[in-house]
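The listed protein sequences correspond, in order, to chains V, G, E, B, X and W.
If you're matching positions, the first sequence starts at 802 in our numbering and goes up one per residue.
If you're matching positions, the second sequence starts at 305 in our numbering and goes up one per residue.
If you're matching positions, the third sequence starts at 598 in our numbering and goes up one per residue.
If you're matching positions, the fourth sequence starts at 598 in our numbering and goes up one per residue.
If you're matching positions, the fifth sequence starts at 6 in our numbering and goes up one per residue.
If you're matching positions, the sixth sequence starts at 6 in our numbering and goes up one per residue.
Structure, as structure tokens:
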Amino acid sequence: MMPELGKYAGAVLGAYGLSLLLIAGLVGLSVWQAVRMHARLRDVEERGKE
Amino acid sequence: MQVSGRFLPWVAGLAALCLVVGLIWGFFLTPDDYRQGATVKIIFLHVPSALVAINGWMVMLVASLIWLIRRHHVSALVAKAAAPVGITMTVIALMTGAIWGQPMWGTWWAWDPRLTSFLILFMFYLGYIALWQAIEDPDTAADLTSVLCMVGSVFAILSRYAVLFWNQGLHQGASLSMDKQQHMSDTYWYPLVLCMAGFMLLFLALVLLRTRTEVRRRRLQALILRERMA
Amino acid sequence: MIALLLRDLRLSVRSGGGFGLGLAFFLLVTILVPLGVGPESALHARIAAGILWIGALLACLLSLDRIFALDHEDGSLDLLVTAPMPLEGIVAVKALAHWLVTGLPLTLAAPLLGVLLNLPVHGYPWLFVSLLVGTPALSVIGTFGAALIVGLKRGGLLLSLLVLPLYVPTLIYGAEAAQRGADGLPALVPLALLAAISAGSAALLPFASAQALRINLR
Amino acid sequence: MIALLLRDLRLSVRSGGGFGLGLAFFLLVTILVPLGVGPESALHARIAAGILWIGALLACLLSLDRIFALDHEDGSLDLLVTAPMPLEGIVAVKALAHWLVTGLPLTLAAPLLGVLLNLPVHGYPWLFVSLLVGTPALSVIGTFGAALIVGLKRGGLLLSLLVLPLYVPTLIYGAEAAQRGADGLPALVPLALLAAISAGSAALLPFASAQALRINLR
Amino acid sequence: MELRVSDLSCARGGLIVLQGVSLTLRAGQARVLRGPNGSGKTTLLRTLAGLQPPVAGRIDAGADAITYASHLDGLKATLTVRENLQFWARVHDRPVGDALLRMNLDGLADRPAQALSAGQKRRLGLARLLVTGRPIWLLDEPTVSLDAASVALFAAVVRQHLADGGAALIATHIDLGLDAEVLEMAPIAARDILPQGGFDEAFL
Amino acid sequence: MELRVSDLSCARGGLIVLQGVSLTLRAGQARVLRGPNGSGKTTLLRTLAGLQPPVAGRIDAGADAITYASHLDGLKATLTVRENLQFWARVHDRPVGDALLRMNLDGLADRPAQALSAGQKRRLGLARLLVTGRPIWLLDEPTVSLDAASVALFAAVVRQHLADGGAALIATHIDLGLDAEVLEMAPIAARDILPQGGFDEAFL
Ligand code: HEM
Ligand SMILES: Nc1ncnc2c1ncn2[C@@H]1O[C@H](COP(=O)(O)OP(=O)(O)OP(=O)(O)O)[C@@H](O)[C@H]1O
Ligand SMILES: Nc1ncnc2c1ncn2[C@@H]1O[C@H](COP(=O)(O)OP(=O)(O)OP(=O)(O)O)[C@@H](O)[C@H]1O
Ligand SMILES: [Mg+2]
Ligand SMILES: [Mg+2]
């Protein structure tokens, strides 16, 4: 399955790994912030209704 | 909010699809280049992220202009939301480029014009984000960052020419879609297009998501202020 | 307007923050570089023009936050804004005053400091002219940055971050002109481009600065 | 004491003046140098260690005036001095806080920026270690300088002038250690001297700083 | 020469602080703003002075008719008392005249401003009003740090200004002994809290 | 716990400003410093607080007995009201207690100090006195910017402090309604205006 990367394996894997890590980090951060903000807003809105 | 809420899952899904297919195709199913060996595979990350990084700034510029002219609040928040995505893409392009440069040019970094202007773009993003964070009042922050974005764009173009004047570099010339045949065979081209689409959609999805978060944040602040006064 | 210019000049002479210290910083950078990179003079000659330009740029940069911050802290900026003067004029005068107390002395001192870094002989006139033409752009662009961060507590380093990318074209053309001059190559093209940047930013940026100031003060 | 340390750290995180901006300045200096001296990477490799040390030193230098000036302006320095804490302790804590928000991040970032300047491979560990050992000296000496100029309006550049000569030995040994490391030469001697300077100034200078502060406040 | 304010709303820190402020100030009139700490006096004066935009409502005064004296005096520590005043006079293109004498500063004319006591600084800050030559004075707690004699001196200066056809709006906690109507802050305190058309409203 | 000052001389800017100051402040006593602007109140208080050395004379108070509230409040703009106070409490190694409540700041506890009005900032500055736990308070115009209600509140706080065995020396231009002797500045103003000992004197 794994393609033969030859002597450049480190470079290619490193590039893919780092990039995916960064993208995942950004996506994770965005989602986390979105979820948290949504929850806090809901809290406050419900408090307001009472 | 509603519109963006309806679109978001689709955009995100499409982005994920394009990315997964494009990257898997690029990574597993393309042959090595006769000159560059396996390192060509980096192109599927490098070029799309560079593209998105540049266009991210354009998006910010347009959003800032809309805010300054029409005072449309959401567009200011779009600009704010786009900046972190843009800077991440810049970092990805820089890093993959650097990793690619090591086998190709024998150095991680060279002061080639394209690389240099990319580094300057990174600094612009950094300054822009820092300014957003430094200012308390959201309206003031939106106004000032918009002014910065516009002046910055002018100077970014100036620097581009300055850098070109200063050094003729190592980096590949532009070989985007128009004359692709001359530069790149289809084997690389199709997955590359897919990846570019994927990165664009990812950018769109993230900006939408982050804008929604920013809108909620503003709403939350407004509500908290109201409570405090009541 | 002239009153404002005179006041700014007098203030920077009185508080000792004007010429003296900008120059001193320039001198110190020029001294630090040989200490940092080692004592070979051939090496120094090659980097002299660039380092002198960078030193001038940093010295300029460091004095930027004084342009508005002092006036903001003691409330006189509010009063100036409501005075019968166009804000663009105030901003332009401030930039001019900054250039007179920073850019001009730096330009005059640079050839002297060139000696320390072993600048080649033909380099001197080019270094001087390029600084003379380029430092106004540094002051004007810097005034814009200072206007952006007025009112932020100690925005000093944020200011550097905002302004430095804007300084890039000026630095490149300026250092390139000086360097080519030093190497005995034709250097008129970068010098002309440098002059264009200076003229352009002096003509247009005061409007952006005034706008930023207005936003900041409300 | 710990309260003071925590407060200082919190303040510099809140005001955005801490890590971020010192680092940014470091980055900017590293970028400016190639723009100034031209794009040849062989040249960069030769000056990399020196330039990185100078950059770290300048980034450190620029944040020095915050150490006491902010507290002095809003009156809290007067209150701290009359609080039940030894002044030497206050000064030492201030220096520590400064190192934590400036020197430490600079040290961590330096190897990354080495890439931009094409630092030779063996240089990295030496650069890192020399900065780790040397930056505390920069903070302690800087605190002394800051104590000397407390209360002068915008003593920023005066401060640079006072402190830079004091920084010279640190810079020389630090850059020498990093440079030798990069050239593959033995570099333990300058490193040991650097460590001695750091230890000595950390042990003795707080007393001088406290004295300077006492004189300044009356 | 008249200051006419109608239905003004002012915001501070994203919240509406004042609402429905209407007032008219004619030549020779003074008005005292009175209200507890945090009731928005400074906010109102800054809005009238044009230092922050109103959220709603209109402010009519001639061009360049208003001058504002805030909590800060706008003094340059290294300039002498006379130089400080001369600068403002030249900015407004008018002579310094007897402003120093009238604020009892003539003995201190050649001292740098940093060597003044708190009250002396304040007197110098107020002397600026005299050299601007503007008819409408907005004063934010002008008597802070002043001793009784200086307060009386300043009240006389204000009275003279009114007699000369000027007008003054003064926020203060103490009684200046002026013949002025009081404008209470309580009735104009904001009822709804969030700014209209501002950032927040769009998100509610 | 007693503050005893004998034959003190103080200088400011190289000139002797006060001469022959003697006073004793016992537990439970307050004293009001009264004098026109520039008469040296700030100079005296700074000298007593140990922030500048006396030219002559002695100051006796226990170690760590004195705390001083100057024209400046020593607030950090980016910290909240509570954090500001907590910091001073931890520096003095004491609990915050009900200081916020007593200065009527509890509603503002989580606001950053920069978002306070002038009077609210001053109240926070004064709340610091409560957390230092020191018996002798030196107050330099504490009521600047305070409205009538806050002045009364603060007077009550001072009264409570005196009842608890504290002491206070207060420079002020207004009447706090305290049962305190007045110390006039006029008699202690310097008679011979000579430079303070040291450098200059050698040349006279
Ligand atoms: C840190 C180093 C690098 C940076 C910052 C960088 C940046 C960029 C940028 C900004 C683009 C432009 C994308 C566009 O025009 O749409 C690009 C494209 C490209 N880069 Fe790099 N690059 C780096 C290193 C490299 C290396 C080492 C290689 C390979 C040897 C490389 C190969 C390419 C290729 C093939 C393209 C596509 C050109 C095209 O079709 O337009 N890059 N890079
Ligand atoms: N930057 C800010 N952010 C949020 N709220 C603020 C800010 N500045 C002031 N406020 C609040 O706005 C209100 C009005 O403040 P303002 O300064 O106008 O009061 P004031 O009447 O001048 O009070 P004082 O007599 O104490 O000077 C106050 O409740 C204050 O807490
Ligand atoms: N740095 C200085 N250099 C020279 N003289 C000064 C300096 N600072 C203050 N003075 C003078 O010293 C005298 C005493 O000042 P001080 O500040 O103690 O007065 P004060 O009683 O507190 O007045 P206020 O009620 O106005 O606050 C004043 O005449 C002042 O002009
Ligand atoms: Mg107020
Ligand atoms: Mg005083």
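Every residue, glycine too, gets a C-beta built ideally from N, C-alpha and C.
In this text, all values refer to a predicted model and were calculated from it rather than measured experimentally.
Buried or exposed: which applies to residue i, given that a residue is buried once 16 or more other Cβ atoms fall within 10 Å of its Cβ?
i      : result
E186/X : exposed
T29/X  : exposed
V96/X  : buried
D103/W : exposed
L608/B : buried
P192/W : exposed
M364/G : buried
Using the Cα positions of residue i and residue j, report the straight-line distance between them to the nearest angstrom.
i      : j      : result
A168/X : L106/X : 19 Å
D671/E : K126/X : 12 Å
G390/G : Y429/G : 8 Å
A446/G : P59/X  : 18 Å
G711/E : S421/G : 29 Å
L498/G : A354/G : 15 Å
R164/W : M108/X : 36 Å
I648/B : K81/X  : 39 Å
G33/X  : S150/W : 27 Å
Y764/E : A653/E : 12 Å
G40/X  : H178/X : 8 Å
I628/E : H76/W  : 43 Å
D69/X  : A367/G : 36 Å
D605/B : W436/G : 23 Å
C15/X  : A194/X : 10 Å
L321/G : L349/G : 15 Å
F204/W : T48/W  : A caution first: F204/W carries a pLDDT of 46, below 50, which makes its placement in the model unreliable, though a value can still be read off. C-alpha separation (whole angstroms): 20 Å.
F503/G : D145/X : 56 Å
S795/E : A123/X : 45 Å
E189/X : L143/X : 16 Å
A692/B : A414/G : 37 Å
By DSSP's criteria, residue i is part of a beta bridge. Which residues make up the other side?
i      : result
R63/W  : S11/W
L38/X  : A176/X and L188/X
D98/W  : DSSP output for D98/W lists no bridge partner at all.
L814/B : DSSP, once it has assigned bridges, lists no residue as partnering L814/B.
P117/W : T85/W
V26/X  : L13/X
W650/E : For W650/E, which the question treats as bridged, DSSP gives no partner whatsoever.
Y73/W  : L143/W
R31/X  : E7/X
A194/W : L23/W
Under 8 Å by Cβ, that's how I've got residue i and residue j pegged, so tell me the actual separation to the nearest angstrom.
i      : j      : result
G182/W : A160/W : 5 Å
I816/E : T740/E : Any question about residue 816/E goes unanswered here, given that chain E covers just 598 to 815.
A743/E : L661/E : 5 Å
V101/X : L90/X  : 6 Å
R36/W  : L134/W : Contact doesn't hold; Cβ gap of about 16 Å is too wide.
L13/W  : G62/W  : 3 Å
For residue i, which option in the options has the closest C-alpha, if you only look at C-alpha atoms?
i      : options                           : result
L729/E : T767/E, L749/E and H719/E         : T767/E
F311/G : A460/G, L510/G and V519/G         : L510/G
L620/B : S806/E, S757/E, A800/E and Y764/E : S757/E
A66/X  : A118/X, G43/X and I141/X          : I141/X
T787/E : R523/G, E518/G, L452/G and L462/G : It should be noted that the sequence gives Pro, not Thr, for residue 787/E. The residue with the shortest Cα to Cα distance from P787/E is L462/G.
L423/G : A807/B, H695/B, A692/B and L632/B : L632/B
M6/X   : G170/X, M190/X, I175/X and L188/X : G170/X
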